[in-house]
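**Q** Pasting in a structure now, in structure tokens, and then I'll have a few things to ask.
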């Protein structure tokens with residue numbers, strides 16, 4: 171996943187930039203294309219609650 175894809179949608183970009191750096195990096199490294207704010211929130215919640223990072 172490329173960060174530039176997140177910058178195309180204002181709501182997704184705003185939420186993505188508010189996430190802790192380790193969550194942003196995990197999303198960029200591990201997840202496929204995320205096209206909605208809901209998907210992004212679900213991925214971020216999973217990462218933060220999994221305690222894997």
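Residue numbers (our numbering): 171 to 223.
Yeah, the Cβ is synthetic: ideal placement off N, Cα and C, and Gly gets one too.
Since residue 210 and residue 192 are thought to touch, with beta carbons under 8 Å apart, how far apart are those beta carbons, to the nearest angstrom?
**A** Translated into positions along the chain shown, residue 210 becomes position 40. Translated into positions along the chain shown, residue 192 becomes position 22. Between residue 192 and residue 210 the Cβ distance is about 15 Å, and since that is not below 8 Å, they are no contact.
**Q** Please state whether DSSP places residue 205 in a helix, a strand or coil.
**A** The residue labelled residue 205 in the question sits at position 35 within the chain shown. Three-state result, residue 205: coil.
**Q** Between the Cα of residue 200 and those of 187, 208 and 217, spot the shortest distance and give me the residue it belongs to.
**A** Within the chain shown, the letter at position 30 stands for residue 200. Of the listed residues, the one whose Cα sits closest to residue 200 is 217.
**Q** Tell me which same chain residues have a C-beta within less than 6 Å of the C-beta of residue 214, skipping the five on either side of it?
**A** Within the chain shown, residue 214 is the residue found at index 44, counting from 1. Only 189 and 193 meet the Cβ criterion.
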